[in-house]
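Input: a single structure, listed below in structure tokens.
Number of protein chains: 2
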Amino acid sequence: MFFRRFASTSTLPPTIRQLLSSPGTAKDIQVNGWVKSIRRQKKVSFAVITDGSSAQGLQAVLSDASLSKQLTNGTSVRLSGRLTESRGPGQDHELQVDSLEVLGECHPETYPIQKQALSTEYLRDNCHLRTRTEAGAAMLRLRHSTSQALHHYFEGQGFCYAHTPIITSNDCEGAGETFRIAPVKGTAPGLTSTEEFFSRPAYLTVSSQLHLEALASAVSRVYTLSPCFRAERSQTSRHLAEFWMLEAEWAFTNRVTDVCDVVEAALKTVLRASNPDLAALWNEGDMTRRKAIEDLSISDARWTQMSYTDAISELETHQAISGEFQYPPAWGNALQSEHERWLAEKLVGGPVFVTDYPAALKPFYMRLNDDGRTVACFDLLVPHVGELAGGSLREERLPMLESSLAAHNLDRDAYQWYLDLRKYGGAPHGGFGMGFERLIGWLSGIENVRECIPMPRWAGRMLL
Amino acid sequence: MFFRRFASTSTLPPTIRQLLSSPGTAKDIQVNGWVKSIRRQKKVSFAVITDGSSAQGLQAVLSDASLSKQLTNGTSVRLSGRLTESRGPGQDHELQVDSLEVLGECHPETYPIQKQALSTEYLRDNCHLRTRTEAGAAMLRLRHSTSQALHHYFEGQGFCYAHTPIITSNDCEGAGETFRIAPVKGTAPGLTSTEEFFSRPAYLTVSSQLHLEALASAVSRVYTLSPCFRAERSQTSRHLAEFWMLEAEWAFTNRVTDVCDVVEAALKTVLRASNPDLAALWNEGDMTRRKAIEDLSISDARWTQMSYTDAISELETHQAISGEFQYPPAWGNALQSEHERWLAEKLVGGPVFVTDYPAALKPFYMRLNDDGRTVACFDLLVPHVGELAGGSLREERLPMLESSLAAHNLDRDAYQWYLDLRKYGGAPHGGFGMGFERLIGWLSGIENVRECIPMPRWAGRMLL
Chain L
2 MFFRRFASTS TLPPTIRQLL SSPGTAKDIQ VNGWVKSIRR QKKVSFAVIT
52 DGSSAQGLQA VLSDASLSKQ LTNGTSVRLS GRLTESRGPG QDHELQVDSL
102 EVLGECHPET YPIQKQALST EYLRDNCHLR TRTEAGAAML RLRHSTSQAL
152 HHYFEGQGFC YAHTPIITSN DCEGAGETFR IAPVKGTAPG LTSTEEFFSR
202 PAYLTVSSQL HLEALASAVS RVYTLSPCFR AERSQTSRHL AEFWMLEAEW
252 AFTNRVTDVC DVVEAALKTV LRASNPDLAA LWNEGDMTRR KAIEDLSISD
302 ARWTQMSYTD AISELETHQA ISGEFQYPPA WGNALQSEHE RWLAEKLVGG
352 PVFVTDYPAA LKPFYMRLND DGRTVACFDL LVPHVGELAG GSLREERLPM
402 LESSLAAHNL DRDAYQWYLD LRKYGGAPHG GFGMGFERLI GWLSGIENVR
452 ECIPMPRWAG RMLL
Chain P
2 MFFRRFASTS TLPPTIRQLL SSPGTAKDIQ VNGWVKSIRR QKKVSFAVIT
52 DGSSAQGLQA VLSDASLSKQ LTNGTSVRLS GRLTESRGPG QDHELQVDSL
102 EVLGECHPET YPIQKQALST EYLRDNCHLR TRTEAGAAML RLRHSTSQAL
152 HHYFEGQGFC YAHTPIITSN DCEGAGETFR IAPVKGTAPG LTSTEEFFSR
202 PAYLTVSSQL HLEALASAVS RVYTLSPCFR AERSQTSRHL AEFWMLEAEW
252 AFTNRVTDVC DVVEAALKTV LRASNPDLAA LWNEGDMTRR KAIEDLSISD
302 ARWTQMSYTD AISELETHQA ISGEFQYPPA WGNALQSEHE RWLAEKLVGG
352 PVFVTDYPAA LKPFYMRLND DGRTVACFDL LVPHVGELAG GSLREERLPM
402 LESSLAAHNL DRDAYQWYLD LRKYGGAPHG GFGMGFERLI GWLSGIENVR
452 ECIPMPRWAG RMLL
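Quick note, the sequences are listed as chains L and P, same order. Using my numbering, read the first sequence as starting at 2 and increasing by one per residue. Using my numbering, read the second sequence as starting at 2 and increasing by one per residue.
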């Protein structure tokens, strides 16, 4: 897209990040932010001011003791002064403060975000203030830069960003993990006491895929970054009741390896986007994992693709030697978490696309391979996270899709619209989905997806 | 953000839009798409092929009659040939087809998307195929380019793109227009037969604002483009049960006029992004309205801002002369649709920000002005659409906010987290919300928001 230049009417002053990215040494600078720390010396005080625009913050030098005495952590302030080169270590520029105004006080003793280390549980309980921590703000910025990088990639590849429905009539095959909208209490004339608002049962979407397929059958290439919902009661570090999912679908693709290639290219765009916030997030994390991510971000090597059948064979060989798996691997069985981790962490030592799983293990819409027993699909497994993305070619052959619906005991009528997409100019197509919080966790080393989203929801927990 | 260049591993071939934007005259071109129209002559046939990447399509020249006989509208095909300069009118380049493969047939008589004009209602009933129409595809691309332009604007202004919760404990002040999540049937041990999944009632969000305020109190500038929900039974051309809303919040802003300026700058970025799809959408629309939008997109003039009090005064004067309003305007009363339209269409003849409404007409969180009876807010009114956006400074003064909660009979405990944002380093701040479908309708002249979203939901209607 092309943007014509024009005189902006916006009056927003530069953020601290914008100010420090082309600082000069200007006079009459005005900076807004919150006090992150303050260090008082005899004649001069140093305050670090943050506006959350970057991890770094701005060092403010207060020579007038009367100015600094009002400042405590968390106070919001407006500072005026001159930007000068800094003689101290840790920053290139600093603000010589001429005057300051306290905009909002912050009681130093009752402020919930104290300087000392705060437990993960405590911060979850205070999730309205959690992004005021360094890690919380860095996570928020990482979500921003990651989604921008993904938009950038898909724009370049000619994809259309689309919004698919959140409320849907699809109950996810009745698996019971779907949230349902409660009937509405009737007040209007002619309504019974409880009634479906949409005249039929309504659910929250678990995936945008089927809807994206309809759009891909019109504009070829579509993607979305959309909220998805699973009413799953299990408490794991990898599941949320409400999460965001990147999903893409495109027409005129014939090989699952091509779908894998798009996933790989999108992730490489994300990995190679400069991300100063990762330093703050990895700070206390595992250095080996961080190094592996950094190496991956500068490597041009193609990521490994291997078939499920080959993966099972490798797992069986390893099991015969070591006996280390709790669940013996066998063709036809799902890969267990221990298997996935071994494949990515030990066998490959990096991301691995495992392709062509047995049809019986996968949903009805995946395209049957010529062998008649596997489908043209993949799971992307990455070290420490496990499954980061999954996708497939979609069954575009009408008779095969009808057989598959029957084999999965699904109601043909409910899928008539989906069959129509094949009936009228259906094209070979494929796509994938990737959990956005898992991606954030993989990039940053954050251990639990609950810390990868600003206001997490899981069974029994929904604050705000 | 900065993206390092790297050798892409993606193998996606160019779309028709990409091909035609730097065509050359290459041999061995392969094009995938759907037949949009076909014109058979004695020796040669001309087919227009679209892949949905642009309104234009590609003219394919088939000299071999055996090739063209398989082609009907909607058929998906893969064509191979040479791109040459076109001697015919209407396109610069065309494809001389050497060979073609039919990927998916499309029965010419039963295909629901026939060439003749299809009624709006018919297309709503067939919304899984609706984006295959020219207008449907153009709308989808317009949503894409509009959201990209908005991302572009906010990125430049240092905003962080954030995801706020869809499921929330906020029931929108019990107004009854909120969707509620049904309790989950218990299966796990210890569950009663029906139980709240989140241990408390859960609703679908009607606005991201309060959550964005929490994030703005950490990283200063945030925005989102997020689904919102209203269980509203009224059937109008301006309301959906599920819609997308652009919302932004930022700290350190003191004047409502500054908030208006950001809205204006964001919209000017959208208006000035080149949008070839608008031609397809305005095609049969109102030429006067189209001209007004085009004029607006190249004008540097600041948009009008006027106070509610001045607006009422203008309306009263006009009413005294003309008596044309059904509802007599009076200070303290809400502006009716007829008033809003007169202000934008007749008095101003363009977008107008009406500011500083009476406090009693507005929600509890808007900042009280010094006059003690109005709040620092605005509605942006535009011709033919009415209210396109609304926003305000938010009350950042703790005692005033507490008074306002009490005056609105709201439960203080439910808003404790929101009060905390003021208690600990609260900063003056403001923001706005803009209905994305209304924006699309305003830009393109689409009359009903149901045609501004791919799969619309309203009372009684939810397909797919």
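Note that beta-carbon positions come from the ideal geometry of N, C-alpha and C, so glycine has one too. Values in this document were obtained by computation on a predicted structure and should not be read as measured data.
Residue burial is scored here from C-beta neighbours: L:M401 has fewer than 16 other C-beta atoms within 10 angstroms and is therefore classed as exposed. Contact annotation: in the segment 81-113 of chain L, residues whose CB is within less than 9 Å of a CB in chain P are L104, G105, E106, C107, H108, T111, Y112, P113. Take the alpha-carbon of P:A138 and the one of L:L216: they are about 9 Å apart. When the Cα atoms are used, P:L141 and L:A252 turn out to be separated by approximately 16 Å. Three or more beta-carbon pairs drawn from the segment 201-218 of chain L and the segment 125-138 of chain P are found closer than 8 Å, and the two stretches are therefore classed as touching. Counting only residues of its own chain and dropping the five nearest sequence neighbours on each side, L:Y419 has a CB closer than 7 Å to the CB of L211. Close to P:Q19, with beta-carbon spacing below 8 Å, are these residues of chain L in chain order: G159. Any Cβ of chain P closer than 8 Å to the Cβ of L:H240 would place that residue at the interface, and such an atom is absent. Assignment of P:Y204 by DSSP, reduced to helix, strand and coil, places it in the strand class.
Note: L:W343 is not bridge-paired with any residue in the DSSP secondary-structure output.
P:N370 has a beta carbon lying at 8 Å or more from every beta carbon in chain L.
With a threshold of 16 other beta carbon atoms within 10 Å, L:K347 falls short and is exposed. With contacts defined as CB atoms closer than 8 Å, P:R439 and P:L381 fail to qualify as a contacting pair. Within 8 Å of the CB of L:E452, no CB atom of chain P is found; the nearest one sits about 14 Å away. In terms of beta-carbon proximity, P:F180 lines the interface with chain L, with at least one pair separated by less than 8 Å. Note: L:C378 is bridge-paired with L:S393 in the DSSP secondary-structure output. Against chain L, a Cβ distance below 8 Å from P:G137 picks out A219. Counting along the chain, the unbroken alpha helix (DSSP H) around P:V264 starts and ends at 257-273.
Contact between the segment 257-274 of chain L and the segment 118-127 of chain L is absent, with fewer than three C-beta pairs closer than 8 Å. Among the residues facing chain L, P:Q149 is included, as its CB has a counterpart in that chain under 8 Å away. Interface residue (Cβ-Cβ distance to chain L less than 8 Å): P:I168 is classified as such. Look at the segment 225-249 of chain L: the residues with a C-beta under 9 Å from a C-beta of chain P are L226, S227, P228, F230, A232, R234, A242, E243, W245. Here DSSP, grouped into helix, strand and coil, assigns P:Y224 to strand. Distance from the Cα of L:K292 is smallest, within the candidate group L:G351, L:R18, L:H240, for L:G351. For L:I182, DSSP records a beta bridge to P:I182.
Per DSSP, P:L297 is one residue of the alpha helix (DSSP H) stretching across 288-299. Straight-line measurement puts the Cα of L:V103 at about 8 Å from the Cα of L:Q71. Listed along the chain, the chain P residues whose CB falls inside 8 Å of the CB of L:Y162 are R144, H145, S148, Q149. Scanning its chain for C-beta atoms nearer than 8 Å, with the 5 sequence neighbours on each side dropped, one finds around P:R413 the residues E403, L406, A407, L420, in chain order. With respect to L:A61, L:E95 sits close: the two C-beta atoms are nearer than 8 Å. P:H240 and P:Q306 have their C-alpha atoms spaced approximately 26 Å apart. Contact residues of the segment 422-446 of chain P toward chain L are L422, R423, K424, Y425, G426, G427, A428, P429, F437 (C-beta to C-beta distance below 9 Å). Between P:A345 and P:V383, the CB-CB gap stays under 8 Å. Taking the CA atoms as reference points, L:S393 sits about 11 Å from L:V355.
Under the Cβ distance rule, P:G53 counts among the residues neighbouring chain L, one pair being separated by less than 8 Å.
When Cβ pairs closer than 8 Å are counted between the two stretches, the segment 74-91 of chain L is seen to touch the segment 23-32 of chain L, the count reaching three or more.
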